[in-house]
Amino acid sequence: DGGITQSPKYLFRKEGQNVTLSCEQNLNHDAMYWYRQDPGQGLRLIYYSQIVNDFQKGDIAEGYSVSREKKESFPLTVTSAQKNPTAFYLCASSRSSVPGQGFYEQYFGPGTRLTVT
Amino acid sequence: AQSVTQLDSHVSVSEGTPVLLRCNYSSSYSPSLFWYVQHPNKGLQLLLKYTSAATLVKGINGFEAEFKKSETSFHLTKPSAHMSDAAEYFCVVSRETGANNLFFGTGTRLTVIP
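Listed in order, the protein sequences are those of chains A and B. Note that my numbering has the first sequence beginning at 253, numbered continuously upward. Note that my numbering has the second sequence beginning at 9, numbered continuously upward.
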């Protein structure tokens, strides 16, 4: 089955520790995304990558870092600099859009709930 | 700049009655529009999308949405609610800049009363 996997489903960390969230896709998509979801705020874009070895900051990149060394993988590191890291994190992927040909839907993983105490 | 407003944070309907989830958007160009559904502690699933073809878009599970440019609206409807429709629904608009990026509304929680 093609899809996106995120692990682990639940993650607990102490304040001051960095933590890395995994995201893997076998949909052969070029583009991948990380979102943060907080109650009542919808999804906010953290980072995105349109192609291997390239990524861009989204709306709330401060305190996060990513890498894109393989097409299938887009791990997110939540650093100790992130002031409010407790949230639900969602990874997504899509085909890369071509100007003038509309947008492609994004496919989402099941999410990782991170709790930092 | 673009934006998405979901007019109701919570909608409650009885099973078997119609569903209406309202969404207004703002964009300086002709956007692509999507509705996604999220069940508790799950990822998001695409219900339907509008990409400048037919203005009435049919999606999965009996949902449909109509793109009305004059009203800048993209409301989601279903003729008859089922208990399994209880979830959070997100209206989404394509961003004017930045790859294939999307901008999400804040969501509408649908409750279905038996």
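We put the CB at the ideal spot given by N, CA and C, even for glycine.
For residue i, which of helix, strand or coil comes out of DSSP?
| i | result |
| --- | --- |
| N69/B | helix |
| S92/B | helix |
| T364/A | strand |
| H83/B | strand |
| D306/A | strand |
| I121/B | strand |
| N49/B | coil |
| R265/A | strand |
| R30/B | coil |
| S319/A | coil |
| A333/A | coil |
| Y300/A | strand |
| Y356/A | coil |
| S36/B | coil |
Interface residues of chain B around residue i at Cβ under 8 Å?
| i | result |
| --- | --- |
| E357/A | F42, L54, K57 |
| S348/A | A107, N108 |
| L342/A | G51, L52 |
Using beta carbons (cut-off 8 Å, strictly below), is residue i in contact with chain B?
| i | result |
| --- | --- |
| S325/A | no |
| A283/A | yes |
| Q302/A | yes |
Anything in chain A within Cβ reach of residue i, meaning under 7 Å, just list it in chain order.
| i | result |
| --- | --- |
| F112/B | G294, L295 |
Please list, in chain order, the chain B residues whose beta carbon lies closer than 7 Å to that of residue i.
| i | result |
| --- | --- |
| P362/A | K50, G51 |
Tell me whether the beta-carbon of residue i lies closer than 8 Å to the beta-carbon of residue j.
| i | j | result |
| --- | --- | --- |
| P26/B | Y33/B | no |
| Y299/A | F307/A | yes |
| T364/A | E267/A | no |
| Y341/A | R288/A | yes |
| F355/A | T13/B | no |
| V19/B | T114/B | no |
| G294/A | F112/B | yes |
| D311/A | L297/A | yes |
| H90/B | V65/B | no |
| P327/A | S259/A | no |
| F71/B | L54/B | no |
| R30/B | L15/B | yes |
Just reading off the beta strand (DSSP E) that residue i is part of, what are its end residues?
| i | result |
| --- | --- |
| S40/B | Careful: S40/B lies outside any beta strand (DSSP E) and carries neither H nor E. |
| E276/A | 271-277 |
| H18/B | 18-22 |
| V350/A | Counting along the chain, V350/A falls outside any beta strand (DSSP E), and DSSP gives it neither H nor E. |
| S11/B | 11-14 |
| T257/A | 256-259 |
| A61/B | It is not in any beta strand (DSSP E) - A61/B carries neither H nor E in the DSSP assignment. |
| Q289/A | 283-289 |
| F111/B | 110-112 |
| T329/A | 328-330 |
| S78/B | Note, S78/B: premise wrong, no beta strand (DSSP E); not H, not E. |
I want to see whether chain A comes within less than 8 Å of residue i, judged by CB atoms only; does it?
| i | result |
| --- | --- |
| S102/B | yes |
| F71/B | no |
| G139/B | What is shown of chain B runs 9 to 122, which leaves residue 139/B out entirely. |
Name the chain A residues that come within less than 8 Å of residue i, Cβ to Cβ?
| i | result |
| --- | --- |
| F98/B | G294, L295 |
Whose Cβ in chain A lies nearer than 9 Å to the Cβ of residue i?
| i | result |
| --- | --- |
| G24/B | Neighbours of G24/B on chain A: none; closest Cβ ~29 Å, over 9 Å. |
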